[in-house]
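Chains as they are written, first to last, in this note's numbering: chain V, 1 to 437; chain U, 1 to 317; chain X, 1 to 165.
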Amino acid sequence: MLEGLLGFAAVLVLVLLRVPIAFAMGFVGMIGFMIESGYRASISMTARLIIDTSQDYGLSVVPLFILMGLFVNKAGISRELYAASNAFLGHFRGGLAMATIVACGGFAAISGSSLATAATMSKVAMPEMRRFGYADKLSTASIAAGGTLGILIPPSVILVIYGLLTETSIGKLFVAGIIPGLLGVVLYLVAVQFTVWRDPEAGPAGERINLSGRLSALKDVWAVLLLFFLVIGGLYGVFDVPPINLSFSPTEAAGMGAMGAFLIALARRRLSLADALEALRETAMTAASLFAVLIGAWIFSNFVNIAGLPTALSDMVTAYNLPPWMVMGLILLIYIALGCVFESLSMLLLTVPIFFPVVTGLGYDPIWFGIIVVVVTEISLITPPVGLNVFVLRAVVGDVPTATIFKGVTPFWMVDIIRLIILLTLPGLVLLLPNQM
Amino acid sequence: LSAETVLKISSWLPPTHSVNTGIFANLITMMEEATGGEVSGELVFGLAPPPAQMDLVLDGAADMAIIFHGYQPGRFVGTKLIELPGYEGNAEDASVAYWRVYEKYLAALNEHRGVKVISLNTHGPGQIHSSKEVSSLADMNGLKTRIGGGVAGDVGSALGLIGINVPAPKVYETLESGAADAVAMNVGERVGFKLNEVAKYLYDMPGGLYRGSFAVIMSQEKFDSLPEDVQKALDEQVFGEPASRMAGASWDESDTIAYEATKNAEGTKITPASDDDIAKFEEISKEVTDKVLAELQEAGVDAKAAYEMVKQEMAGN
Amino acid sequence: MSRLLKFAASLPALLASFALFVLMVMTFCDVVLRSVFNAPIEVAADMTRLLMAIMVFSVLPVVSAKDGHICVDLTDGMFKRAGLTRWRNAFTDLFCGLMLVLPAMRVFDLAERSRSYGDVMEYLRLPLHYVGWFISIVTAITAAVLIIRGLGHIFAPKLMSPRHA
Ligand code: NA
Ligand code: NA
Numbered sequence: 001m002l003e004g005l006l007g008f009a010a011v012l013v014l015v016l017l018r019v020p021i022a023f024a025m026g027f028v029g030m031i032g033f034m035i036e037s038g039y040r041a042s043i044s045m046t047a048r049l050i051i052d053t054s055q056d057y058g059l060s061v062v063p064l065f066i067l068m069g070l071f072v073n074k075a076g077i078s079r080e081l082y083a084a085s086n087a088f089l090g091h092f093r094g095g096l097a098m099a100t101i102v103a104c105g106g107f108a109a110i111s112g113s114s115l116a117t118a119a120t121m122s123k124v125a126m127p128e129m130r131r132f133g134y135a136d137k138l139s140t141a142s143i144a145a146g147g148t149l150g151i152l153i154p155p156s157v158i159l160v161i162y163g164l165l166t167e168t169s170i171g172k173l174f175v176a177g178i179i180p181g182l183l184g185v186v187l188y189l190v191a192v193q194f195t196v197w198r199d200p201e202a203g204p205a206g207e208r209i210n211l212s213g214r215l216s217a218l219k220d221v222w223a224v225l226l227l228f229f230l231v232i233g234g235l236y237g238v239f240d241v242p243p244i245n246l247s248f249s250p251t252e253a254a255g256m257g258a259m260g261a262f263l264i265a266l267a268r269r270r271l272s273l274a275d276a277l278e279a280l281r282e283t284a285m286t287a288a289s290l291f292a293v294l295i296g297a298w299i300f301s302n303f304v305n306i307a308g309l310p311t312a313l314s315d316m317v318t319a320y321n322l323p324p325w326m327v328m329g330l331i332l333l334i335y336i337a338l339g340c341v342f343e344s345l346s347m348l349l350l351t352v353p354i355f356f357p358v359v360t361g362l363g364y365d366p367i368w369f370g371i372i373v374v375v376v377t378e379i380s381l382i383t384p385p386v387g388l389n390v391f392v393l394r395a396v397v398g399d400v401p402t403a404t405i406f407k408g409v410t411p412f413w414m415v416d417i418i419r420l421i422i423l424l425t426l427p428g429l430v431l432l433l434p435n436q437m
Numbered sequence: 001l002s003a004e005t006v007l008k009i010s011s012w013l014p015p016t017h018s019v020n021t022g023i024f025a026n027l028i029t030m031m032e033e034a035t036g037g038e039v040s041g042e043l044v045f046g047l048a049p050p051p052a053q054m055d056l057v058l059d060g061a062a063d064m065a066i067i068f069h070g071y072q073p074g075r076f077v078g079t080k081l082i083e084l085p086g087y088e089g090n091a092e093d094a095s096v097a098y099w100r101v102y103e104k105y106l107a108a109l110n111e112h113r114g115v116k117v118i119s120l121n122t123h124g125p126g127q128i129h130s131s132k133e134v135s136s137l138a139d140m141n142g143l144k145t146r147i148g149g150g151v152a153g154d155v156g157s158a159l160g161l162i163g164i165n166v167p168a169p170k171v172y173e174t175l176e177s178g179a180a181d182a183v184a185m186n187v188g189e190r191v192g193f194k195l196n197e198v199a200k201y202l203y204d205m206p207g208g209l210y211r212g213s214f215a216v217i218m219s220q221e222k223f224d225s226l227p228e229d230v231q232k233a234l235d236e237q238v239f240g241e242p243a244s245r246m247a248g249a250s251w252d253e254s255d256t257i258a259y260e261a262t263k264n265a266e267g268t269k270i271t272p273a274s275d276d277d278i279a280k281f282e283e284i285s286k287e288v289t290d291k292v293l294a295e296l297q298e299a300g301v302d303a304k305a306a307y308e309m310v311k312q313e314m315a316g317n
Numbered sequence: 001m002s003r004l005l006k007f008a009a010s011l012p013a014l015l016a017s018f019a020l021f022v023l024m025v026m027t028f029c030d031v032v033l034r035s036v037f038n039a040p041i042e043v044a045a046d047m048t049r050l051l052m053a054i055m056v057f058s059v060l061p062v063v064s065a066k067d068g069h070i071c072v073d074l075t076d077g078m079f080k081r082a083g084l085t086r087w088r089n090a091f092t093d094l095f096c097g098l099m100l101v102l103p104a105m106r107v108f109d110l111a112e113r114s115r116s117y118g119d120v121m122e123y124l125r126l127p128l129h130y131v132g133w134f135i136s137i138v139t140a141i142t143a144a145v146l147i148i149r150g151l152g153h154i155f156a157p158k159l160m161s162p163r164h165a
């Protein structure tokens, strides 16, 4: 148990020295495993994980969902989504920020990653909000927070990895994310309203658009609806009817979605060869850095595992005979604390193997826990000091200090906590849709 | 009361799987009893995927592991002998026969070189579990089925099954989404893979369409480091035939539990093969057997004699 | 000459892009062929594994050369104020590069072992040690790239482009 905790501390130190997360976890895991099992065993385990992780069939969804988001972006869909939301919401106070949230939710329905959602929407929504004199703290915060929806509203790379780690149905996890994701949209709208209520100057109203303008904006979003329907409908088996009998597994849904986005972009003549190559190259680079983190995290979790941390924790829970809700509360506090400093994927990889057996042992539903984990992961993306979505915004926008974004984002993670409490008390909201499958 | 040596047993199967709760749990008890508590074991889960298990043992990351031979195509040929259809008897009979034929014929192939083989076993007969009703062999023609390679794959193509090649953890989602109609597995797996939810129909061929081959392996180095009397006690009382028999019996037990669970589950149906189908399957069985025996012969085994020995052993058990 | 070099430098990313594109098209075709014609691509799962390995590992050196790994840049300001950025960069690059050396060699050993056992892919029948060799070589190149970067920070700081966040 002590070795495991020391390992955590060592990873933290290395990460703060700006050692890439993959290497920090891999190194500590390798050394720790070496102390437990010897030199040859440790290097060999590391080498095997390098070989096997890159060839994991289930992980093929990761690059394919990223690719789908990029093709969609090239097709100009993100711009149209924003225009459509804006046509309906822009004339309210804080309306452009609200439109950003809704467009983020829409983009989340075709993008598997929160960082991609935030990065994409910042390119589209930020210039508009600046044009209308929105305060930087509100405009950047609404994108950073809205972007987090990317991993809750399906498809979601994080849910895929949770499903792989825990052998839980990815299809059910995806479907379970829909209601909590919509709840997130609504609560973020409340957070925008809260911000403009405190500071009316932060979000002046935009221009009102008439009905015909609204309708024409709306008809541009067909591509999003089509892709979402293709991916999620496929999971529900909607197309498995004669004469097409089209059916695909969640793993294959990523390939179908990417191909669909590719074809839509082609059909709209928005995709040049250079664009396509750029999307493919960017996906490969992102996937390679994600896979590096996965390998590092797996090496580290093997060390934690063999050092007996999960067993020690389970034993502790049994020994103190704590009521389940209290254990769950403690776990969530640990998540929120870790989430302040850890990157979302590494946090998931570090903690799920440890907490999952404890949680399911207490009788909690694995699908429900997956959604709860994703919600706390979303929170981690916008809480200081390490909030990756905030960093993405700073990188894309350039001239807004990180501190300003963190300040603006505070009401957003506060409503996230409210959402967390709602989902904890009403698990039915999560389980309603997957139980229909 | 603490043991001198606690062997690290790597397992890639979920903690609740009968390999862990049955085979490994029993093996630990057997080792403790044989050595007066000097040697014990503890399970470590999820260290590496199935094909990496032998490397883990070879390099000392684990002291013991179970391997499924079908996950390493090209490496194991001799082990196909026990995967053949047409043997009569349960997993315990097959596992005992397996160990005996291994000692006499297969060990010479040295396919497990570098590690110590301490148990050979097969799961219960492999059957077809489907989401739409399969009531005869003819219904299998064109059925999209997740089926392994090797002998199972050969039988599958002879039956006209359309192979859907996905890893085992993807079985549930593949069936649920309709990307496959059926899966070929031993009946015991119905519980762990929740097949009573997604594959309500079980077509039951006596003796099965194939059997899966497993070995429990141990680090030779670790074994050599044990005191001589302990080595002797393990070799005589645990490893080899006793551990193989125990493992086979454990697979049988998981089958019994799963048959019971299937009968009690809602909307499930077990269809026993008709006499006609049994006769038809014998022909397929013979074709596949001839092909595999030729492979074994080429690898350097007296294939015919080895095959006859398994048949006889299983009939005599 | 520099044009040729530039082209050579873009080859790994091109290879990765190609692998990813094939993976996408193949998944699509597999689903359609299976659903409509009841004729799935038998080698699809093997191909998926192979294409993923090609995609991930051909760009790994590029990601490393461009400082594209996921990092926490929380302390950047501190290091900058202390004037230690260059030394910090030298440390992290050398650290990562050196750390990869032993695993890269071990991957090669495991590939050789796999060759001695005759391991192949189930349906493609492709010997697995080819994949192992590829991964090993690329991991070694990645290690070399990182070590060269680290040395660059120490001995030729002017040559090193400023890091991007
Ligand atoms: Na999403
Ligand atoms: Na955070």
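Ideal Cβ positions, reconstructed from N, Cα and C, are used throughout, including at glycine.
Review point. CB of V/I151 to nearest heavy atom of ligand 1: below 7 Å?
Key: Counted from its first residue, the first sequence places residue 151 of chain V at position 151. At least one heavy atom of ligand 1 is nearer than 7 Å to the Cβ of V/I151, so yes.
Check your understanding: Helix, strand or coil: how does DSSP classify V/S301 here?
Key -> As a working mapping, residue 301 of chain V is identified with position 301 in the first sequence. Here V/S301 sits in helix by DSSP.
Practice item. Find the residues of chain U that neighbour V/F248, judging by a C-beta separation of less than 9 Å, and give them in chain order. Key: On the first sequence, position 248 is the one that residue 248 of chain V refers to. Under the 9 Å cutoff, chain U gives S177, G178, A179.
**Study point:** Best match in X/Y123, X/V31, X/F95 for proximity to X/G150 [C-alpha to C-alpha]
**Key:** Start at 1 with the first residue of the third sequence, and residue 150 of chain X comes out as number 150. The candidate whose alpha carbon is nearest that of X/G150 is X/F95.
**Study point:** Sub-8 Å separation of V/G428 and V/T383 beta-carbons
**Key:** Locating residue 428 of chain V in the first sequence gives position 428, counting from the first residue. Locating residue 383 of chain V in the first sequence gives position 383, counting from the first residue. No, these two residues do not count as a Cβ contact at 8 Å.
Review point. Any heavy atom of ligand 1 within a distance shorter than 7 Å of the CB on V/A108?
Key: By 1-based counting over the first sequence, the position of residue 108 of chain V is 108. Result yes, Cβ under 7 Å from ligand 1.
Check your understanding: Since U/L143 contacts U/A91 with CB under 8 Å, what's their CB separation in whole angstroms?
Key -> Numbered from 1 along the second sequence, position 143 holds the residue referred to as residue 143 of chain U. Numbered from 1 along the second sequence, position 91 holds the residue referred to as residue 91 of chain U. Not really, about 25 Å apart at Cβ, beyond 8 Å.
**Study point:** Closest by C-alpha distance to U/T271, when choosing among U/G240, U/M205, U/S10
**Key:** Within the second sequence, the letter at position 271 stands for residue 271 of chain U. Comparing Cα positions, the closest option is U/M205.
Exercise for review: Report back the beta-carbon spacing between V/E80 and V/V221 to the nearest angstrom; my notes put them in contact at under 8 Å.
Suggested key: Along the first sequence, one-based indexing puts residue 80 of chain V at 80. Along the first sequence, one-based indexing puts residue 221 of chain V at 221. Confirmed, Cβ separation roughly 6 Å.
**Study point:** Assigned secondary structure, V/S85 (DSSP; H/G/I helix, E/B strand, else coil)
**Key:** Sequence index remark: in the first sequence, residue 85 of chain V carries index 85 (1-based). Here V/S85 sits in helix by DSSP.
Review point. So with Cβ pairs under 8 Å, would you call V/G255 a contact of chain X?
Key: Locating residue 255 of chain V in the first sequence gives position 255, counting from the first residue. Yes, its Cβ sits closer than 8 Å to a Cβ of chain X.
Review point. Is U/K132 close to chain X, meaning its C-beta is less than 8 Å from at least one C-beta of that chain?
Key: For the purposes of this step, residue 132 of chain U is taken as residue 132 along the second sequence, with counting starting at 1. At a cut-off of 8 Å between C-beta atoms, U/K132 does not count as an interface residue with respect to chain X.
Check your understanding: Contact check, U/P49 vs U/W12 under 8 Å by CB: the rounded distance?
Key -> The residue given as residue 49 of chain U occupies position 49 in the second sequence. The residue given as residue 12 of chain U occupies position 12 in the second sequence. The beta-carbon distance between U/P49 and U/W12, rounded to whole angstroms, is 6 Å. This is short enough to meet the 8 Å contact definition.
Check your understanding: X/L146: buried (16+ other C-beta within 10 angstroms of its C-beta) or exposed?
Key -> The residue given as residue 146 of chain X occupies position 146 in the third sequence. With 16 or more other Cβ atoms within 10 Å, it is buried.
Check your understanding: Skipping 5 residues on each side, what residues in its chain have a beta carbon closer than 6 Å to that of V/V124?
Key -> Counted from its first residue, the first sequence places residue 124 of chain V at position 124. Once the five neighbours on either side are set aside, the close Cβ partners of V/V124 are S78, R79, Y82.
Exercise for review: Would you identify the three-state DSSP class for U/E88, choosing helix, strand or coil?
Suggested key: In the second sequence, the residue the question calls residue 88 of chain U occupies position 88. DSSP, read as helix, strand or coil, puts U/E88 in coil.
Practice item. Starting from the C-beta of U/A315, find all residues in its chain whose C-beta is less than 8 Å away, skip the five residues before and the five after it, and write them out in chain order. Key: In the second sequence, the residue the question calls residue 315 of chain U occupies position 315. Taking U/A315 as the centre and dropping the five residues before and after it, the same chain places the C-beta of E88, G89 closer than 8 Å to its C-beta, in chain order.
Practice item. Taking only runs that begin and end inside the segment 236 to 317 of chain V, name each unbroken alpha helix (DSSP H) of 4 or more residues, in chain order. Key: 250 to 267, 273 to 306
Check your understanding: Between the segment 158 to 169 of chain V and chain X, which residues of the former have CB atoms less than 8 Å from a CB of the latter, in chain order?
Key -> none
Exercise for review: Using a Cβ cut-off of 8 Å, pull out every chain X residue sitting near U/V166, in sequence order please.
Suggested key: To locate residue 166 of chain U, count along the second sequence from 1; it is residue 166. Per Cβ cutoff of 8 Å: A45.
Exercise for review: Tell me, please, which residues DSSP counts as bridged to U/F324.
Suggested key: Because chain U here runs from 1 to 317, residue 324 of chain U falls outside it and cannot be looked at.
Check your understanding: Any heavy atom of ligand 1 within a distance shorter than 7 Å of the CB on V/G32?
Key -> Within the first sequence, the letter at position 32 stands for residue 32 of chain V. In this structure, the C-beta of V/G32 stays at least 7 Å away from each heavy atom of ligand 1.
Review point. For V/V397, which of helix, strand or coil comes out of DSSP?
Key: Within the first sequence, residue 397 of chain V is the residue found at index 397, counting from 1. Note: V/V397 maps to helix in three-state DSSP.
Exercise for review: Return the chain-ordered ranges of every alpha helix (DSSP H) run that is complete within the segment 353 to 435 of chain V and spans a minimum of 4 residues.
Suggested key: 366 to 382, 388 to 397, 402 to 425, 428 to 431
Review point. What are the boundary residues of the alpha helix (DSSP H) that includes X/A44?
Key: By 1-based counting over the third sequence, the position of residue 44 of chain X is 44. Start and end: 44 to 65.
**Study point:** Beta-carbon proximity check, U/I23 vs U/G41, cutoff 8 Å
**Key:** Here residue 23 of chain U is taken as the residue at index 23 of the second sequence, counted from 1. Here residue 41 of chain U is taken as the residue at index 41 of the second sequence, counted from 1. No; because the gap between Cβ atoms is not below 8 Å, this pair is not in contact.
**Study point:** Range covered by the alpha helix (DSSP H) that runs through U/G160
**Key:** If you number the second sequence from 1, residue 160 of chain U lands on position 160. Where U/G160 is concerned, there is no enclosing alpha helix (DSSP H), given that its DSSP letter is neither H nor E.
**Study point:** Buried versus exposed, by CB contacts within 10 Å (16 or more), V/M316
**Key:** The count along the first sequence starts at 1 and reaches residue 316 of chain V at position 316. The residue is exposed, with fewer than 16 neighbouring Cβ atoms inside 10 Å.
Point to revise | Terminal residues of the alpha helix (DSSP H) in which V/P324 lies | key: Taking the first residue of the first sequence as 1, we reach residue 324 of chain V at position 324. V/P324 -> alpha helix (DSSP H) spans 324 to 341.
Review point. Is the Cβ of X/A165 closer than 8 Å to any Cβ of chain U?
Key: One-based indexing of the third sequence puts residue 165 of chain X at position 165. Bear in mind that a pLDDT of 34 at X/A165, under 50, signals an unreliable position, so the number given afterwards is only what the model happens to contain. Answer no: the Cβ-Cβ gap between X/A165 and chain U never drops below 8 Å.
Review point. So, are the CB atoms of U/V238 and U/M30 less than 8 Å apart?
Key: Taking the first residue of the second sequence as position 1, residue 238 of chain U is located at position 238. Taking the first residue of the second sequence as position 1, residue 30 of chain U is located at position 30. Yes, these two residues count as a Cβ contact at 8 Å.
Point to revise | Distance between V/L263 and V/M98 (C-alpha atoms, nearest Å) | key: By 1-based counting over the first sequence, the position of residue 98 of chain V is 98. By 1-based counting over the first sequence, the position of residue 263 of chain V is 263. Approximately 30 Å between the Cα atoms of the pair.
Review point. Applying a beta-carbon distance threshold of less than 8 Å, which residues of chain U neighbour X/E42?
Key: Working through the third sequence from its first residue, we reach residue 42 of chain X at position 42. Those are G163, N165, listed as they occur along chain U.
Review point. From U/R146 to U/D302, what distance separates their C-alpha atoms?
Key: The count along the second sequence starts at 1 and reaches residue 146 of chain U at position 146. The count along the second sequence starts at 1 and reaches residue 302 of chain U at position 302. C-alpha separation (whole angstroms): 32 Å.
Practice item. With a threshold of 16 other CB atoms inside 10 Å of the CB of U/N264, please say whether the residue is buried or exposed. Key: Numbered from 1 along the second sequence, position 264 holds the residue referred to as residue 264 of chain U. Exposed, since its Cβ has fewer than 16 Cβ neighbours within 10 Å.
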